[in-house]
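Under the working numbering, the first residue of the sequence shown carries the number 9, and numbering increases by one thereafter. Glycine included, each C-beta is placed from N, C-alpha and C at the ideal position.
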Amino acid sequence: MDGQSLTPEVFSAAVESITASFGDPTRREIYLRVRESDTGLTAAEVAINMGLHNNVARHHLDKLAAAGHVIVDIHRESKAG
Numbered sequence: 009m010d011g012q013s014l015t016p017e018v019f020s021a022a023v024e025s026i027t028a029s030f031g032d033p034t035r036r037e038i039y040l041r042v043r044e045s046d047t048g049l050t051a052a053e054v055a056i057n058m059g060l061h062n063n064v065a066r067h068h069l070d071k072l073a074a075a076g077h078v079i080v081d082i083h084r085e086s087k088a089g
């Protein structure tokens, strides 16, 4: 904060943001695993480690990224065809 009092509105918004990000136990576990990783994890690695479908892992990672809790770096393998 900038040294000013925390207004009820700002406090409420902060609580809502944290609850939205970490209120889901799966999302909380994904966050902890990513945070503990020295090199980061791909969505596929999260999915495999957590027993989730890739799209579900991506959904949770996107929510965490939107709230600023993780950084998503998109790399796509090019396929020769």
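- When DSSP states are grouped into helix, strand and coil, His83 belongs to the coil group.
- Cβ neighbours of Ala28 within its own chain (closer than 8 Å, five residues either side excluded): Lys71, Ala75.
- If you check the CB distance, Ala73 and Asn62 do not come in under 9 Å.
- Per the coordinates, the alpha-carbon of Asp46 lies some 13 Å from the alpha-carbon of Val78.
- Around the CB of Leu69, 16 or more other CB atoms lie within 10 Å, so the residue is classed as buried.
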